[in-house]
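Under the numbering used here, the letters of the sequence shown match residues 18 to 286, in that order. Glycine residues also receive a C-beta, built at the ideal position from the N, C-alpha and C atoms. Bear in mind the structure is a predicted one, so any value in this text is a computation, not a measurement.
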Amino acid sequence: MIVNKDFITRNASRTWAFFLDLIFPIECLGCGREGRWLCEDCFKKINLKPKQYCLHCKKANDFGQFCLPCQVIYSLDGVWIAALYDELLISQAIKKLKYYFLSGLADDLSRLMILSVDKLLEQGRISKFGLRSGVDWSNFKRAAGLPLAVLNFYDNLVVPVPLSRKRLRWRGFNQAELLARRVAEKYGLELNSGNLIRVKHKKAQAKLNEIHRLENIKNCFVWRGGNLNKKNIILVDDVVTTGATLNECAKILKANGAGEVFGLVVAKG
Ligand SMILES: [Zn+2]
Ligand SMILES: [Zn+2]
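Laid out in structure tokens, this is it:
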């Protein structure tokens, strides 16, 4: 009998995930209560990032966009960061999702992303009442400063940062895709998880310093879809560190016609 090698690897990782569930019964990472990875009480204790900022110079702003002087060195327009990584629960949850294959954690982590997007949308809300009851120029002025990805939020396309095929086979799922899927479903946004491809996987980014990260990630992605026709994109990943990976994806997406590209991540590592 000829057995396909991919088939064995895929099924081995599923069996492995099954045994991990037995070894790690579902209990809250915060208090140990059984039934959920993050119980409601512990979930409520997690602080959302109070203010977004320019990822490069860390100057606070409303919509996580790069400020003017920093913008020129990025293809990415900005990053939306849901929570603070130094919250022990967050760093634990992300590690467990990624390295212990606990895909159930994607529900809780994507909930944090959704709460933080809700906050962005609330800040970006143009009061319809204000416009109807006469021209309120402050609303127009606010609209002018808004990124299009916020102003026209419901037209965004959601794209997860891909894993290489090799890594995907090994892990059995792409954690960024699990998060992206839940965010897209929540807001009724279009999801594209098949056309941005990671073509080579060099060294794990986590082990490299900033300069080596930039070199390591170059030319790692291709877009296999059609022209993106100015579509604005929300690029989803679990964590952002220097932004090198998100930026490299944004470069490829823009080379293929994308409008604005904003990263959306659970936390900054
Ligand atoms: Zn708990
Ligand atoms: Zn800046």
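1) Please determine, among H229, G243, L55 and L129, the residue with the shortest C-alpha to C-alpha distance to V256.
2) Using only the alpha-carbon positions, how far apart do D79 and D58 sit?
3) Between which two residues does the alpha helix (DSSP H) carrying F60 extend?
4) By Cβ distance, which residues of its chain are closer than 6 angstroms to I250, with the 5 residues on each side in sequence left out?
5) Considering only DSSP beta bridges, list what V134 is partnered with.
6) Measuring straight from C-alpha to C-alpha, what distance separates Q109 and A261?
7) Once you ignore the five residues that flank L165 on each side, which residues in its own chain have a CB closer than 8 angstroms to its CB?
8) Would R199 pass as a contact of D254 if the rule is Cβ separation under 8 angstroms?
9) Expressed to the nearest angstrom, what Euclidean distance is found between the alpha-carbon atoms of F146 and Y70?
10) Are there any heavy atoms of ligand 1 lying less than 7 angstroms away from the beta-carbon of D125, as far as the coordinates show?
11) For ligand 2, is there a heavy atom less than 7 angstroms away from the beta-carbon of F80?
12) Taking any heavy atom of ligand 4 as the mark, which residues have a C-beta closer than 6 angstroms to it, listed down the chain?
13) Are L122 and W54 touching if we call contact CB-CB under 8 angstroms?
14) Report the start-end ranges of each beta strand (DSSP E) in the segment 47-105 that is 3 residues or longer and not cut off at the edges.
15) Within the same chain, show all residues whose beta-carbon is closer than 8 angstroms to that of A193, passing over the 5 residues directly before and after it, in chain order.
16) Here's the rule I'm using: 16 or more other beta-carbon atoms within 10 Å means buried, otherwise exposed. How should R184 be labelled?
17) S144 to G49, Cα distance in whole Å?
18) Can the beta-carbon of N273 be found closer than 8 angstroms to that of N244?
19) Which stretch, first to last residue, makes up the alpha helix (DSSP H) that contains R184?
20) Could you spell out where the beta strand (DSSP E) holding L174 opens and where it closes?
21) Would you identify the three-state DSSP class for A275, choosing helix, strand or coil?
22) State the Cα-Cα distance for the pair N169 and L263, rounded to the nearest angstrom.
23) Specify which residues have a beta carbon nearer than 6 angstroms to any heavy atom of ligand 2, listing them in chain order.
24) What three-state label does DSSP hand K285 in the structure shown?
25) Going by DSSP in three states, W215 sits in which element: helix, strand or coil?
26) How big is the Cα-Cα spacing for P67 and K136?
27) Around the Cβ of Y91, are there at least 16 other Cβ atoms within 10 angstroms (buried) or fewer (exposed)?
In brief:
1) Reading the sequence shown from its first residue, position 239 is the one you call residue 256. Checking every option, the nearest Cα to that of V256 belongs to L129.
2) Locating residue 79 in the sequence shown gives position 62, counting from the first residue. Locating residue 58 in the sequence shown gives position 41, counting from the first residue. Near 28 angstroms, if we compare the C-alpha coordinates of D58 and D79.
3) As a position in the sequence shown, residue 60 is number 43, starting the count at 1. Where F60 is concerned, the enclosing alpha helix (DSSP H) stretches over E57 to K62.
4) Position 233 of the sequence shown, counted from the first residue, corresponds to residue 250. Excluding sequence neighbours, I250 sits near L174, V176, L270, A275 and V278.
5) Residue 134 sits at position 117 when you count from the first residue of the sequence shown. Answer by DSSP bridge pairing: none, since V134 is not bridged.
6) Within the sequence shown, numbered from 1, the residue matching residue 109 stands at position 92. Within the sequence shown, numbered from 1, the residue matching residue 261 stands at position 244. Approximately 23 angstroms, taken between the alpha carbons.
7) The count along the sequence shown starts at 1 and reaches residue 165 at position 148. The answer, listed in chain order, is N249, G276 and E277.
8) Taking the first residue of the sequence shown as 1, we reach residue 199 at position 182. Taking the first residue of the sequence shown as 1, we reach residue 254 at position 237. It is not a contact, given that the beta carbons lie outside the stated cut-off.
9) On the sequence shown, position 129 is the one that residue 146 refers to. On the sequence shown, position 53 is the one that residue 70 refers to. The pLDDT assigned to F146 is 44, lower than 50, so where the model puts this residue is not dependable, and the model offers no usable value.
10) By one-based count along the sequence shown, residue 125 stands at place 108. Flag unset: Cβ of D125 not near ligand 1.
11) Taking the sequence shown and counting its residues from 1, the one referred to as residue 80 is at position 63. Within 7 angstroms of the C-beta of F80 there is not a single heavy atom belonging to ligand 2.
12) Here the bound small molecules are ligand 1 and ligand 2; ligand 4 is not part of this structure.
13) Counting from one through the sequence shown, the residue named residue 122 turns up at place 105. Counting from one through the sequence shown, the residue named residue 54 turns up at place 37. Taking 8 angstroms as the cut-off, the beta carbon of L122 is found closer than this to the beta carbon of W54.
14) Within the segment 47-105, the complete beta strand (DSSP E) runs of at least 3 residues are 95-100.
15) Mapped onto the sequence shown, residue 193 falls at position 176. Closer than 8 angstroms at the Cβ level, and outside the excluded window around A193, lie P177, V178, P179, L180, V253, D254 and D255.
16) Taking the sequence shown and counting its residues from 1, the one referred to as residue 184 is at position 167. Taking every protein chain shown into account, the CB of R184 has fewer than 16 other CB atoms within 10 angstroms, so this residue is exposed.
17) Numbered from 1 along the sequence shown, position 127 holds the residue referred to as residue 144. Numbered from 1 along the sequence shown, position 32 holds the residue referred to as residue 49. Note that S144 scores a pLDDT of 45, beneath 50, so its modelled location is shaky and nothing firm can be said.
18) Translated into positions along the sequence shown, residue 273 becomes position 256. Translated into positions along the sequence shown, residue 244 becomes position 227. Contact: yes.
19) Position 167 of the sequence shown holds residue 184. R184 -> alpha helix (DSSP H) spans R182 to R188.
20) The residue you call residue 174 lines up with position 157 of the sequence shown. For L174, the enclosing beta strand (DSSP E) starts and ends at L174 to P177.
21) Mapped onto the sequence shown, residue 275 falls at position 258. Note: A275 maps to coil in three-state DSSP.
22) Here residue 169 refers to the residue found at position 152 when the sequence shown is read from its first residue. Here residue 263 refers to the residue found at position 246 when the sequence shown is read from its first residue. The straight-line gap separating the alpha-carbon atoms of N169 and L263 is approximately 21 angstroms.
23) Here the list is C71, H73, C74, K76, F83, C84 and C87.
24) As a first step, residue 285 is located in the sequence shown; it is residue number 268 there, counting from the start. Correct three-state label for K285: strand.
25) As a working note, residue 215 is residue 198 in the sequence shown. It is worth fixing the name first, because residue 215 is Arg in this sequence and not Trp. Reduced to three states, the DSSP call for R215 is strand.
26) Walking along the sequence shown from the start, residue 67 turns up at place 50. Walking along the sequence shown from the start, residue 136 turns up at place 119. Rounded to the nearest whole angstrom, the CA to CA distance from P67 to K136 is 10 angstroms.
27) The count along the sequence shown starts at 1 and reaches residue 91 at position 74. Here Y91 is buried: its Cβ has 16 or more other Cβ atoms, across all protein chains shown, within 10 Å.
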